Structures are given as C-alpha cells and as structure tokens.
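In the numbering used here, the protein residues as written are 4 to 103. From the three backbone atoms N, C-alpha and C, an ideal C-beta is built for every residue, glycine too. Values in this document were obtained by computation on a predicted structure and should not be read as measured data. Here the structure comes first, spelled out in structure tokens, and everything after it is commentary.
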C-alpha cells in the first residue's frame, strides 16, 4: 500500500492516529525530519516486537526516496502487521512538494 506525501500531510494535519516511522540513518534524520519515530532499516526486525501494539493499526514508513521503506514495509507485513503504508517518494518528495 502506497501513501502520497499529500495524503500524509493531510493525516498529520488532521492529527489522525497512526505510527510514522523513518527508516533512514540517524545522520539523515538529523539533517531533516518530519517528526517520525527513527528506526533505521537495519533495526526494523528487532523493533517489530517493540511495536507490537501497532500490529492492527495504521503504520506509515518513509525513507529518503522509498526503497528502504518498501523493504521495511515488507518486513512488517511478513511479521503480521496489517496496515503498513510506504510513503511514495520519501523525504525527497516531501521536500519537493510539501516544504516550500
């Protein structure tokens, strides 16, 4: 399942209840972030247990461009998570279309 940056912005503005995860590396997160929980892709398998409460709820994952978040999405889906969305275009798309 894919989510556009415009759809994510609307969810954030509406203060919807979902978990937003950034799977980039800490240095990337420090350079620019949108307030997501930082869980680098290499840690997503171990974090899947820690995030157990979100298995039935909505989870949105993003990275720089969408590739790492797609991998993280597959890991969570295969771990039994039901509603995992990948942010199309990642932070690059966010910077291009949302940040003015």
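query	result
Would a C-beta distance cut-off of 7 Å place residue 69 and residue 93 closer than the cut-off?	yes
Fully enclosed by the region 23-96, which alpha helix (DSSP H) runs are 4 residues long or longer?	29-34, 47-53 and 70-81
Look at the alpha carbon of residue 85 and the alpha carbon of residue 15, and state the distance between them as a whole number of angstroms.	20 Å
Based on Cα-Cα distance, which residue from 91, 81 and 99 lies nearest to residue 25?	91
Taking all protein chains shown into account, decide if residue 79 is buried (16 or more other Cβ within 10 angstroms of its Cβ) or exposed.	buried
In the DSSP assignment, the alpha helix (DSSP H) including residue 12 goes from what residue to what residue?	8-16
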